[in-house]
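Novice: Okay, handing you the structure first.
Residue numbers (the numbering used here): 2 to 480.
Spelled out as structure tokens, the structure:
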């Protein structure tokens, strides 16, 4: 695809650099473009611009800020087919998934635009007749937003729109694997005529950019989505200035299928979720826990559906599973499957790279049975098209297996007993629970995890709260 996505945005202007980063298509291994690799000076320029713009952007009314956000969402919808093609070419996911992601971007932006109008304060009863107590919410300031490669459009929209709606200014740093779709999406925001410096985007060496942003006191907030290891490093560095930080990190989502579940419904949902985005979802199912009475039947149903999945480049018709993002990703998948097999697990279907594919990043949709909780494939985040299935006898055993993980982003379970729904939901140590379904990412609800899966939420009014400070005002009246 020919485009002009070779620039950054700083202070309302397109910026290019002599040093660049090459971007490749994982489906073909071909170089599809280059983006700037910014210097420390350009990073500081972005901070300067964002800091200067904050005073004017934050003073706009919520309705005025919403007009820009609605225009941005409309621009994305008008160009959704082109944007989806850019995303598929760069990230590898099937075109239909990319199109849905762009449409989802618009939904999040529009919702946050309206929710920004409902940032309410509070009046608190005083402690004396002459005292008046109020609490107001104010934007935190300049926000650095670091987005991942697996949902490179949605995560830009999910971070930028609540920050701008709250009155903050932003500096976006997209993944070096997928910078072009982030640039294309920000192009549409800049086309609205938004204030210079209110939204900036920089690409380049991650360590240089994050270090510079973390060390500058004018940056009030860091929002990061990515690996737990990187999140821990950012958290440590943010402590030097007690800088506000929100983190959406790794996951190891279990799905528990109880013996009273609708097995066809469970199998449909498991396969749809597990193999979406080639299994590269932080809240995607990692392990399938099947109660012993229904284990064999569930395995049969899952395998029937998995063997029908079509693998190939995302721009081909009817493809449901694309390539993994890079060589490190497929090497990890191969290693986990191999270790599981050596430890006694059975590969029921799949289990190796796709032969005669246009690149070496395609892996067969795979089901692994006879998996034990202590195996690495059950404990580590696979981030690939592999479904390990573990058998359990009692609900208590399943909850124990699920909660043993250091991660706590999402968990799912299937049961037709309303008592079980509440009992299991309350006992699972995860930030999000899906019951008899797997849809979790919606604009109006808080997306995020606990334990080593991070802190903070995106979505709902909770998502805006992350970009707001509380200010308590106590007024003493004249007697």
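All C-beta atoms, glycine included, are put in the ideal place defined by N, C-alpha and C.
1) On the three-pair Cβ rule with 8 Å, is the segment 423-440 touching the segment 213-229?
2) Just how far apart, CA to CA, sit residue 203 and residue 60?
3) For residue 401, which three-state DSSP category applies?
4) Between which residues of its own chain and residue 476 is the CB-CB distance below 6 Å, once the five residues before and five after are set aside?
5) Taking the continuous alpha helix (DSSP H) assigned at residue 102, which residues delimit it?
6) Exposed or buried, residue 201, counting other C-beta atoms within 10 Å across all chains shown (16 or more means buried)?
7) On a CA-only basis, which of 480, 255 and 471 is nearest residue 124? Give me that one, please.
8) Taking 8 Å as the line, does the beta carbon of residue 250 fall inside it for any heavy atom of the ligand MG?
9) Please classify residue 56 as buried or exposed, where buried requires at least 16 neighbouring CB atoms within 10 angstroms.
10) Going by DSSP, what residues sit across from residue 136 in a beta bridge?
11) Quick one, are the C-beta atoms of residue 295 and residue 341 less than 9 Å apart?
12) Are three or more beta carbon pairs between the segment 387-396 and the segment 298-317 nearer than 8 Å?
13) Looking at C-alpha atoms only, which residue of 410, 8, 285 and 249 is the closest neighbour of residue 43?
14) Please report how far the alpha carbon of residue 167 lies from the alpha carbon of residue 356, in whole angstroms.
15) Give me the Cα-Cα distance between residue 85 and residue 183, rounded to the nearest whole angstrom.
16) Taking the beta carbon of residue 352 as the centre, do at least 16 other beta carbons fall within 10 Å, making it buried, or is it exposed?
17) Out of 73, 216, 413 and 38, which one is the CA nearest neighbour of residue 291?
18) With 16 as the cutoff for other CB atoms within 10 Å, does residue 3 come out buried or exposed?
19) Classify residue 474: buried if its beta carbon has 16 or more other beta carbons within 10 angstroms, exposed otherwise.
20) Around the C-beta of residue 469, are 16 or more other C-beta atoms found within 10 angstroms, so that it is buried, or is it exposed?
21) Select from 362, 14 and 212 the residue whose C-alpha is nearest the C-alpha of residue 28.
22) Could you tell me the distance, in whole angstroms, from the CA atom of residue 313 to the CA atom of residue 93?
23) Taking the alpha-carbon positions, what's the residue 279 to residue 122 distance?
24) I'd like the span of the alpha helix (DSSP H) that includes residue 235, first residue to last.
25) Three or more C-beta pairs under 8 Å: does that hold for the segment 342-350 against the segment 28-41?
26) What first and last residue would you give for the alpha helix (DSSP H) that runs through residue 76?
27) With distances taken between CB atoms, is the gap from residue 249 to residue 449 smaller than 9 Å?
28) Less than 6 Å between C-beta atoms, sequence neighbours within five positions excluded: which residues of the same chain meet that for residue 453?
29) Which class does residue 3 belong to by DSSP, given the choice of helix, strand or coil?
30) My assumption, with CB atoms under 8 Å, is that residue 141 sits in contact with residue 222. Please give the rounded CB distance.
31) Over the uninterrupted beta strand (DSSP E) stretch that includes residue 226, give me the two end residues.
Specialist: Let's see:
1) Short answer: they don't touch.
2) Rounded to the nearest angstrom, the two C-alpha atoms are 25 Å apart.
3) If DSSP states are grouped into helix, strand and coil, residue 401 belongs with the helices.
4) Listed in chain order, the non-local C-beta contacts of residue 476 below 6 Å within the same chain comprise 133, local neighbours out to five positions each way being set aside.
5) First-last of the alpha helix (DSSP H) with residue 102: 96-116.
6) Residue 201 counts as buried, since at least 16 other C-beta atoms from the protein chains shown sit within 10 angstroms of its C-beta.
7) Nearest neighbour of residue 124 by Cα position, chosen from 480, 255 and 471, turns out to be 471.
8) The ligand MG is not among the ligands present in this structure, which contains no ligands whatsoever.
9) Exposed, by the Cβ-count rule.
10) The beta-bridge partner set that DSSP reports for residue 136 consists of 123 and 473.
11) It is not a contact, given that the beta carbons lie outside the stated cut-off.
12) The segment 387-396, when compared against the segment 298-317, does touch it at the 8 Å Cβ threshold.
13) In this structure, 8 is the residue among 410, 8, 285 and 249 with its C-alpha nearest to the C-alpha of residue 43.
14) Their backbone Cα atoms lie some 50 Å apart in a straight line.
15) In this structure, the straight-line span from the alpha carbon of residue 85 to that of residue 183 is close to 12 Å.
16) Classified as buried, residue 352 has 16 or more neighbouring CB atoms from the shown chains inside 10 Å of its CB.
17) Of the candidates 73, 216, 413 and 38, the one whose C-alpha sits nearest the C-alpha of residue 291 is 413.
18) At residue 3 the pLDDT is 44, less than 50, meaning the model places this residue with poor confidence and gives no usable figure here.
19) It counts as exposed.
20) With 16 or more neighbouring CB atoms inside 10 Å of its own CB, residue 469 falls in the buried class.
21) Comparing Cα-Cα distances from residue 28 to each of 362, 14 and 212, the minimum goes to 362.
22) Near 9 Å, if we compare the C-alpha coordinates of residue 93 and residue 313.
23) Looking at the two C-alpha atoms, the distance is approximately 43 Å.
24) Judged by DSSP secondary structure, residue 235 falls within the alpha helix (DSSP H) whose first and last residues are 229-239.
25) No: fewer than three Cβ pairs fall under 8 Å.
26) It spans 63-79 - the alpha helix (DSSP H) in which residue 76 sits, taken as one unbroken run.
27) Going by C-beta atoms, residue 249 is nearer than 9 Å to residue 449.
28) So the list reads 229, 407 and 408, once near-sequence residues are dropped.
29) Only weak support is given to the placement of residue 3: the predicted model assigns it a pLDDT of 44, under 50, and the question is left unresolved by the model.
30) Right, the Cβ-Cβ distance comes to about 5 Å (below 8 Å), so this counts as a contact.
31) Residue 226 -> beta strand (DSSP E) spans 220-226.
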